[in-house]
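Colleague: The following block contains the structure, expressed as structure tokens.
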Amino acid sequence: GSPCIWQDGLDIPFVNAMEANFYEVHPDLSQAVGYAVDDMTKTWGNAGLRPMGENWAKGYSPMFKYEWAPTYEALTRYAGCTDGSPFDGVLMEYVNPVTNGPVMQ
138 GSPCIWQDGL DIPFVNAMEA NFYEVHPDLS QAVGYAVDDM TKTWGNAGLR
188 PMGENWAKGY SPMFKYEWAP TYEALTRYAG CTDGSPFDGV LMEYVNPVTN
238 GPVMQ
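Below, the structure is given as structure tokens:
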């Protein structure tokens, strides 16, 4: 991992027009690292495997990112055993690894 800044750019013109833009400078000018880099992907991002002793009781998925490389590999493997849809090709969906339901629930 490397340092990054998350900024949702699509909303900036609207937020500026509403004069609702704000930010805070961290008192230490940087935020302390509290978890290992990419810990959620390493803990929860293993298809078909759930970590023993890890409880996730929040109302959303513990996965904060779904990487393209493993997704592409899964799509390629699946394409090797199915013709897929005549309209959309091979389809798969991201799931919440705790509930196996939708990611956003």
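Here the sequence shown is numbered in the working numbering, starting from 138 and rising by one per residue. Using N, Cα and C, we set each Cβ at its ideal position, and we do this for glycine too.
(1) Taking the alpha helix (DSSP H) that Tyr209 belongs to, which residues open and close that run?
(2) For Pro150, count the other beta carbons within 10 Å of its own beta carbon; 16 or more makes it buried, fewer makes it exposed. Which is it?
(3) Are the CB atoms of Pro239 and Trp181 within a distance shorter than 8 Å?
(4) By a C-beta neighbour count over all protein chains shown, 10 Å radius and 16 as the cutoff for buried, is Ser167 buried or exposed?
(5) So within the region 165-201, which uninterrupted alpha helix (DSSP H) runs reach at least 4 residues, ignoring any that extend past its ends?
Modeller: Inspection of the coordinates gives the following:
(1) Trp205 to Ala216
(2) exposed
(3) no
(4) exposed
(5) 176-181
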